[in-house]
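Laid out in C-alpha cells, this is it:
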C-alpha cells in the first residue's frame with residue numbers, strides 16, 4: 001500500500017461513515033453514550049448466568065435503558081433468575097440502577113456520595129427503590145471506550161470499595177444460590193463485580209484489581 | 001512507506017477523528033509503549049500508531065453497528081426462556097423526548113470490512129525509517 005492509496009482509502013472510509021450515520025441525533029447520542037455496548041454486555045452477562053445454571057426469563061414488553069440511572073420499580077422491565085425447579089425467582093437483573101453505598105451505612109445524614117450507579121445489576125428478588133449494597137449479588141460496569149485508560153481502573157476500584165469489605169475468599173452470593181460451579185470472591189457481602197470493556201489493552205490492568213474481586217471481562221463485539 | 005509518509009497519514013486520520021467528534025481516538029497518549037514494567041514509556045513507531053488508531057476506530061464502530069445489536073439479541077435469545085423483548089429502547093434524559101429504538105442502529109458491515117482490510121494492508125507495508 002502506498003501513501004496515495006492509503007489517503008484515498010481513509011477518506012473513503014470516513015466519507016462512508018458520515019453518509020451512513022443516522023440523522024437522528026438522539027440515536028447518535030445513545031450510541032456514543034455506550035448504550036448499544038451495554039446491550040451487548042447484558043447479553044453476555046445473561047449467557048454467563050445461564051452457563052452457571054440459572055434459568056432466566058424476561059419480564060415486560062420492551063427492554064429499556066436509561067440515559068441516567070434511576071431506582072428499581074418492580075413494574076420496570078427486567079430479567080428474573082431462577083434456580084432450576086423453583087417457581088419463584090431468587091434474583092432479578094436490572095439496568096442503570098443506583099444503589100446505597102457501603103459507606104452510607106456509616107454516615108448519617110448522607111449526601112450525594114451515598115449512592116452510585118451501576119450499569120447492570122443482579123439483586124435480591126425483593127429489592128426495590130435504591131437497593132443496599134447488601135442486596136447486590138452482581139454488579140457490571142460497561143466501558144465502550146475504544147482506548148482503555150487507568151482512570152477506568154480507579155473508577156472500578158472505587159465502586160468495588162462501596163460494595164463490599166475486603167476479606168478472605170468465600171463463595172459468591174450467586175454461587176450460594178446452589179447452581180453451577182463455585183466462584184470465590186474476597187468480599188463481604190460476597191457480591192461479584194465485573195468490568196466489561198472492548199480494548200484488549202485493558203487486560204494489562206487486571207492484576208491489582210483482581211485482589212479486590214474485580215473480574216475483568218474483555219467482551220469485544 | 002517511510003516515516004514522513006506514515007506521519008502524514010496519521011495527521012489525516014486525526015483530522016478525520018476531529019470531524020466526526022472523536023478527537024480522543026487520535027490522542028498520541030493512548031498509543032504509548034512500555035515494554036517492561038520498569039522501563040519508561042515511549043511512542044510507538046508511526047506505522048504501529050496508525051494501525052492502532054484504526055483498530056481503535058473499529059472498536060468504536062462496533063459500538064455503533066447493527067451487527068452488534070443482532071449479535072446481542074441472538075445471545076439473549078439463546079440464554080433466556082420465554083418471550084424476548086419486543087424492542088430495545090433508550091429513555092432520554094428529558095421526559096418530553098421520545099424513546100430511542102436501538103434497532104435503528106445503522107449497518108456498518110461493509111465499512112468495517114474495508115477498514116479491516118486497510119489495517120491488514122498497512123501491517124504488510126514495509127516501513128523504512
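Chains as they are written, first to last, in our numbering: chain R, 1 to 221; chain C, 1 to 129.
Beta carbons: idealized from backbone N, C-alpha and C, even for Gly.
Can you tell me where the beta strand (DSSP E) with residue 95 (chain R) in it begins and where it stops?
91-100
Counting only the same chain and skipping the five closest in sequence on each side, list residues whose C-beta sits under 8 Å from that of residue 56 (chain C).
25, 30
Anything in chain R within Cβ reach of residue 20 (chain C), meaning under 9 Å, just list it in chain order.
14, 17, 18, 21
Alpha carbon to alpha carbon, how far is residue 43 (chain R) from residue 175 (chain R)? Give it in angstroms, no decimals.
20 Å
Under the three-state DSSP convention, the category residue 227 (chain R) falls into
No statement about residue 227 (chain R) is possible, as the shown extent of chain R runs from 1 to 221 and does not include it.
Where do the N-terminal and C-terminal ends of the beta strand (DSSP E) with residue 64 (chain R) fall, by residue?
63-66
Count the other C-beta atoms from every protein chain shown that fall within 10 angstroms of the C-beta of residue 73 (chain C), then say buried if there are 16 or more, exposed otherwise.
Burial call: buried.
Taking 8 Å as the threshold (C-beta atoms), are residue 108 (chain C) and residue 70 (chain C) in contact?
no
How is residue 86 (chain R) classed by DSSP in three states: helix, strand or coil?
coil
Since residue 97 (chain C) meets chain R, which of its residues come closer than 7 Å, beta carbon to beta carbon?
Within 7 Å of the CB of residue 97 (chain C), the CB atoms of chain R belong to 26, in sequence order along the chain.
For the alpha helix (DSSP H) that contains residue 57 (chain R), what are its first and last residues?
That residue, residue 57 (chain R), is in no alpha helix (DSSP H); its beta strand (DSSP E) goes 55-59.
Would you call the stretch 80-92 of chain C and the stretch 114-127 of chain C touching, i.e. three or more CB-CB distances under 8 Å?
no
Measuring straight from C-alpha to C-alpha, what distance separates residue 27 (chain R) and residue 87 (chain C)?
14 Å
For residue 93 (chain C), does the count of other Cβ atoms within 10 angstroms reach 16, so buried, or fall short, so exposed?
exposed
Does the stretch 156-166 of chain R come within contact of the stretch 209-218 of chain R, defined as at least 3 CB pairs closer than 8 Å?
yes
State yes or no: is the C-beta of residue 205 (chain R) within less than 8 Å of the C-beta of residue 148 (chain R)?
Taking C-beta atoms as the reference points, residue 205 (chain R) and residue 148 (chain R) count as a pair closer than 8 Å.
Along the alpha helix (DSSP H) that carries residue 13 (chain C), what are the first and last residues, could you check?
It spans 3-19 - the alpha helix (DSSP H) in which residue 13 (chain C) sits, taken as one unbroken run.
CB contact check: residue 26 (chain C) to chain A, cutoff 8 Å:
No chain A appears in the structure shown, which is made up of the protein chains R and C.
Is residue 159 (chain R) close to chain C? Criterion is C-beta to C-beta, closer than 8 Å.
no
According to DSSP, which residues form a beta bridge with residue 142 (chain R)?
For residue 142 (chain R), the beta-bridge partners assigned by DSSP are R:196.
Step through the CB atoms of chain C and report whether any lies within less than 8 Å of the CB of residue 226 (chain R).
There is no way to answer for residue 226 (chain R), as the model of chain R reaches only from 1 to 221.
Per the DSSP calculation, residue 35 (chain R) is bridged to which residue(s)?
Note: residue 35 (chain R) sits in no beta bridge, so no partner.
Using the three-state DSSP reduction, which class does residue 187 (chain R) fall into: helix, strand or coil?
In the three-state reduction of the DSSP assignment, residue 187 (chain R) falls in the strand class.
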